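Q: After the structure tokens below, expect a handful of questions from me.
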Amino acid sequence: MKNQSKAWRLKWLWKYSNDNQNLWGSVIKAKYEESDSWMTKEVTNPYGVSLWKSIRELWNEFKPNTKIKVVDGIKTRFWKDDWHAEGNMETLFPDIHNLVLQQQSTIADLWTPQRWNFVFRRHLNDWEIPRVTEFFRSIDQFSGLEMGRDRLQWLGNSKGIFKVGAVYKKLNHPNLQLLKWPWKQIWKAKIHTRCLALCGYWLKKQY
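For what it's worth, this note's numbering labels the leading residue of the sequence shown as 301, then goes sequentially.
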């Protein structure tokens, strides 16, 4: 029952982070305030019993198993959120972060149909130009914005969707490493085809 309860609480984190514009999401935001576009602040009130507190306390466990899918760029903060394949942009390029004015901006704020639009605090020194070039090269593959909303994708599912049943299995059988299973290594392994197929069948049943 403990793991079942935990799986459902994780489901509510998934639901809130991807769809907090409805009535219940608005009530939660109004009561606990936003930490960022994806989650509320921690619940620190020591008095009484809060259902949301028991849900919110799982955020640090939930978040590493997700990635951000940028769609319209409105929710995703360019520097603060982990939307880039290489990691957090503020961590990757702290020097460039300190050079620009738009440190809290979303991707939608910074992206135009043709290019990125950064405003630097001052003229660049010659020795800074290679680093700035490296920075722009790292975001050169960004394909642009689309209709829809930014959302979190669940890493434990090929379609990026959180499934209570799969997470419940993972909680009951942590040694299966469900969320980060090395599928590529299995399919590339030089073993008999029949054995490979049986391995794949067994592993998929665990989902």
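We treat Cβ as the ideally placed atom computed from N, Cα and C, and that holds for glycine.
Note that the structure is a prediction, hence the values are computed from the model and not measured.
Do you know how far the Cα of ASN425 is from the Cα of PHE393?
A: The count along the sequence shown starts at 1 and reaches residue 393 at position 93. The count along the sequence shown starts at 1 and reaches residue 425 at position 125. Answer to the nearest angstrom: the Cα atoms are 16 Å apart.
Q: Taking the continuous beta strand (DSSP E) assigned at LYS367, which residues delimit it?
A: As a working mapping, residue 367 is identified with position 67 in the sequence shown. That run of the beta strand (DSSP E) goes 366 to 369.
Q: Please state the DSSP three-state secondary structure of TRP416.
A: As a working mapping, residue 416 is identified with position 116 in the sequence shown. Residue state, collapsed to three classes: strand.
Q: Which class does TRP338 belong to by DSSP, given the choice of helix, strand or coil?
A: For the purposes of this step, residue 338 is identified with residue 38 of the sequence shown, where counting begins at 1. Residue state, collapsed to three classes: coil.
Q: Name the residue from ASP381, ILE396 and GLU342 whose alpha carbon lies nearest to the alpha carbon of THR433.
A: Translated into the one-based positions of the sequence shown, residue 433 becomes position 133. Of the candidates ASP381, ILE396 and GLU342, the one whose C-alpha sits nearest the C-alpha of THR433 is ILE396.
Q: Any idea what DSSP makes of TRP454, helix, strand or coil?
A: Along the sequence shown, read from residue 1 onward, the residue named residue 454 stands at position 154. Residue state, collapsed to three classes: strand.
Q: What does a CB cutoff of less than 7 Å around ARG468 pick up in its chain, not counting 5 residues either side in sequence?
A: The residue you call residue 468 lines up with position 168 of the sequence shown. The sequence given here places Tyr at residue 468; Arg does not occur at that position. Excluding sequence neighbours, TYR468 sits near ASN303, GLN304 and ALA307.
Q: From the DSSP output, read off the bridge partner residues of TRP411.
A: Sequence index remark: in the sequence shown, residue 411 carries index 111 (1-based). For TRP411, which the question treats as bridged, DSSP gives the partners TRP416.
Q: Taking 7 Å as the line, does the beta carbon of VAL370 fall inside it for any heavy atom of the ligand GTP?
A: In the structure shown, the ligand GTP is absent, as is every other ligand, since no ligand is present at all.
Q: Does THR376 come out as helix, strand or coil in the three-state DSSP assignment?
A: As a working note, residue 376 is residue 76 in the sequence shown. Residue state, collapsed to three classes: coil.
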